[in-house]
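2 protein chains.
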Amino acid sequence: MIKTGNSELSDMIVNAMRRCILLQSLDSEDFDQVLHTAKLCNLDENDTLFEQGGELSAIYLLISGGIKLQRLAPNGEEKVFEIIRPGHTFAEAVLFSGGSRFPVSAIALAPSVVVAIHAKTYLKLVSTSNELSMNLLAKLSQRLHWMINEVDRLTLHNATFRLVDYLLSHIPLDNNDSAGISLTAPKHVIASRLSIKPETLSRTFKELSKRGLINSTGSEIELLDVEKLRELISLES
Amino acid sequence: MIKTGNSELSDMIVNAMRRCILLQSLDSEDFDQVLHTAKLCNLDENDTLFEQGGELSAIYLLISGGIKLQRLAPNGEEKVFEIIRPGHTFAEAVLFSGGSRFPVSAIALAPSVVVAIHAKTYLKLVSTSNELSMNLLAKLSQRLHWMINEVDRLTLHNATFRLVDYLLSHIPLDNNDSAGISLTAPKHVIASRLSIKPETLSRTFKELSKRGLINSTGSEIELLDVEKLRELISLES
DNA sequence: TTTTTGACTTGACCTAAGTCAAGGTCAAGC
DNA sequence: GCTTGACCTTGACTTAGGTCAAGTCAAAAA
Numbered sequence: 002m003i004k005t006g007n008s009e010l011s012d013m014i015v016n017a018m019r020r021c022i023l024l025q026s027l028d029s030e031d032f033d034q035v036l037h038t039a040k041l042c043n044l045d046e047n048d049t050l051f052e053q054g055g056e057l058s059a060i061y062l063l064i065s066g067g068i069k070l071q072r073l074a075p076n077g078e079e080k081v082f083e084i085i086r087p088g089h090t091f092a093e094a095v096l097f098s099g100g101s102r103f104p105v106s107a108i109a110l111a112p113s114v115v116v117a118i119h120a121k122t123y124l125k126l127v128s129t130s131n132e133l134s135m136n137l138l139a140k141l142s143q144r145l146h147w148m149i150n151e152v153d154r155l156t157l158h159n160a161t162f163r164l165v166d167y168l169l170s171h172i173p174l175d176n177n178d179s180a181g182i183s184l185t186a187p188k189h190v191i192a193s194r195l196s197i198k199p200e201t202l203s204r205t206f207k208e209l210s211k212r213g214l215i216n217s218t219g220s221e222i223e224l225l226d227v228e229k230l231r232e233l234i235s236l237e238s
Numbered sequence: 002m003i004k005t006g007n008s009e010l011s012d013m014i015v016n017a018m019r020r021c022i023l024l025q026s027l028d029s030e031d032f033d034q035v036l037h038t039a040k041l042c043n044l045d046e047n048d049t050l051f052e053q054g055g056e057l058s059a060i061y062l063l064i065s066g067g068i069k070l071q072r073l074a075p076n077g078e079e080k081v082f083e084i085i086r087p088g089h090t091f092a093e094a095v096l097f098s099g100g101s102r103f104p105v106s107a108i109a110l111a112p113s114v115v116v117a118i119h120a121k122t123y124l125k126l127v128s129t130s131n132e133l134s135m136n137l138l139a140k141l142s143q144r145l146h147w148m149i150n151e152v153d154r155l156t157l158h159n160a161t162f163r164l165v166d167y168l169l170s171h172i173p174l175d176n177n178d179s180a181g182i183s184l185t186a187p188k189h190v191i192a193s194r195l196s197i198k199p200e201t202l203s204r205t206f207k208e209l210s211k212r213g214l215i216n217s218t219g220s221e222i223e224l225l226d227v228e229k230l231r232e233l234i235s236l237e238s
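So the sequence lines, in the order shown, correspond to chains U and R. One rule links them: number in my numbering = place in the first sequence (from 1) + 1. One rule links them: number in my numbering = place in the second sequence (from 1) + 1.
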């Protein structure tokens, strides 16, 4: 079950909120208003934060854990659109679309803490602050650009490309020749995120290992030759 | 070659601009400012309005003709993301993304007339008008939602579904049992838009004809049984 | 400890859609 | 009236990736 409360948002959480782009430009009075209407949600693994088609009442900031945004096809098949990591906000775009119904469902991949920012309160602030709305425009524009790249990957590139691209985009800070990545979700979720079947993901990992490009042990992936992987991507259809 | 000018924007064009959502809420002074910095572009078929990676200097309103937004893969394959019809604006999202580089190229499908709205002028107005920025937020949000649906179609549905869905979404106003559609672009462009190969598109049209669901003559498609087509879509994976 | 469960892997096989190559069709230009 | 070229169609064949059905393995439950 989802436990909700807001009596005492801890310093850690208030700080996370202050750092968040969508709230940065608020003056302290407005920020307090957001703070007072915000609710903290504690999700267990597999809890649903909101459901596709549901009515939006808040936008969300993930504090800890992980959330998948997914959609269910009529035949029961599911497609993960995005895996949200701590520090990131989601559902902001829904605020401005007429009906205000979620286009996807949000489900916890692990025990997670989420701040729910009261939609109406925030919307009112946006509609009176140019700085805020410009920030949001930048955010949505960036997301849109990301979606174009996503369609590009899906239509112009194959499964191996998508996996390698995903791995490369998850290299932590340091830019060395070898890099370690820990998958932040079960492999079948990653597979769905990349629009490939778990079996194919497994085979692709194996193939990359055989070629000496990665070293895959459970959810720990070591990129043995970042240079060659980048080259692979630039050739691969 | 693209011919550009702005000395005398005709009444028809000024009216089209007034009707456009992105300019609607401007007061007459601001609208005039937009008008005076706007340029009219006359494109021949196959003219490139802007190129992927190019620097944005204007946002565009299509007056007449047709524009395809496409991307080129390194291997030369092309993917059409969108086919713009008269009355619609494009490239607005690029305004707000940091680098301001076009993520796609825009190429005329037919002789076309486009109004180029000076980006900096418009951006300045947006940054001082809440109503304008709220309109834009709604617009981008709507596009984003559309992109989610696009990824959904690409990953959860097959070629037949995508074609039928495309046809159904292009039915003109009247909601009758039979409807005629004229394809507004060469079939290979439609194919690319739907991410299928021309050969497959051809075969799918034939199959639908054989099943008595459509009647396809060149670029004129007659939907013989809209009800059955809708049903097909709801079953089709 | 043993059992159960869910996540992952592997092999054998299948299929939707792509590829290749050969025509057809039709409008524009000579 | 023929030629050219762009676009579309058709048939034969290929293939990336999906499907199905056993496994394997490790962590949680009993």
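Think of the CB as a built atom: it goes at the ideal place given N, C-alpha and C, for glycine as much as any other residue.
At a cut-off of 7 Å between beta carbons, PRO104(R) contacts chain U. Spanning the alpha carbons of PRO104(U) and PRO75(U) requires a straight line of approximately 14 Å. Under the Cβ distance rule, MET148(R) counts among the residues neighbouring chain U, one pair being separated by less than 7 Å. With the rule of 3 Cβ pairs closer than 8 Å, the stretch 81-98 of chain U does not count as touching the stretch 28-44 of chain U. Judged by their CB atoms, THR161(U) and GLU237(U) are nearer to each other than the 7 Å cut-off. Of all residues in the stretch 32-44 of chain U, none places a beta-carbon less than 9 Å from a beta-carbon of chain R. TYR61(U) is bridged by DSSP to PHE91(U) and ALA117(U). Burial check for THR156(R): the Cβ neighbour count within 10 Å reaches 16 or more, so the residue is buried.
Within 10 angstroms of the beta-carbon of SER29(R) lie fewer than 16 other beta-carbons, which makes it exposed. Between ALA107(U) and LEU70(U), the CB-CB gap stays under 7 Å.
In terms of Cα proximity to LEU110(U), the closest of ASN43(U), LEU214(U), ILE222(U) and PHE206(U) is ASN43(U). Counting only the Cα atoms, LEU126(R) lies some 41 Å from ILE197(R). Going by beta carbons, SER183(U) and GLU223(U) fall outside the 7 Å limit. For the stretch 146-175 of chain R, the continuous alpha helix (DSSP H) assignments of 4+ residues that do not extend past its boundaries occur at 160-169, in sequence order.
If you draw a 10 Å sphere on the C-beta of ASP166(R), you find 16 or more other C-beta atoms in it, and that means buried. About 6 Å separates the beta carbon of SER98(U) from that of HIS146(R), a gap short enough to meet the 8 Å contact definition. Each residue's CA atom was taken as its position, placing VAL116(U) and ARG72(U) some 22 Å apart. By the Cβ-count criterion, GLU83(R) is buried, with 16 or more other Cβ atoms from all chains shown falling within 10 Å of its own Cβ. Residue range 12-20 is occupied by the alpha helix (DSSP H) that includes ALA17(U), with no beta strand (DSSP E) assigned at that position. By the C-beta density criterion, SER11(R) is exposed, having fewer than 16 other C-beta atoms within 10 angstroms.
For SER29(R), the enclosing alpha helix (DSSP H) starts and ends at 29-38.
The C-beta separation of ALA192(R) from LEU202(R) comes to about 4 Å, placing the pair in contact by the 8 Å criterion. For the stretch 70-85 of chain R, the residues whose beta carbon sits under 8 Å from a beta carbon of chain U are, in order, ARG72, ALA74, PRO75, ASN76, GLU78, LYS80 and PHE82.
Not flagged as an interface residue toward chain U: ASN136(R), since no C-beta distance is shorter than 7 Å.
ALA17(U) is the residue among LEU96(U), ALA17(U), VAL81(U) and GLN53(U) whose C-alpha sits nearest the C-alpha of PRO87(U). Between the alpha carbons of SER170(U) and LYS229(U) lies a gap of roughly 15 Å. Any Cβ of chain U closer than 7 Å to the Cβ of LEU50(R) would place that residue at the interface, and such an atom is absent. Annotated three-state conformation of SER26(U) is coil, per DSSP.
When 7 Å is used as the limit between beta carbons, VAL165(R) is near no residue of chain U, the shortest such separation being about 15 Å. Within the DSSP bridge table, the entry for VAL81(R) names GLN71(R) as partners. Setting aside the 5 residues that flank it on each side, GLU52(U) is surrounded in the same chain by SER106, each with a C-beta closer than 6 Å to its C-beta; the list follows chain order. Secondary structure at GLU132(R): helix, using DSSP grouped into helix, strand and coil. Taking the Cα positions, ILE172(R) is about 52 Å away from THR218(U). For ARG102(R), the secondary structure class from DSSP, reduced to helix, strand or coil, is strand.
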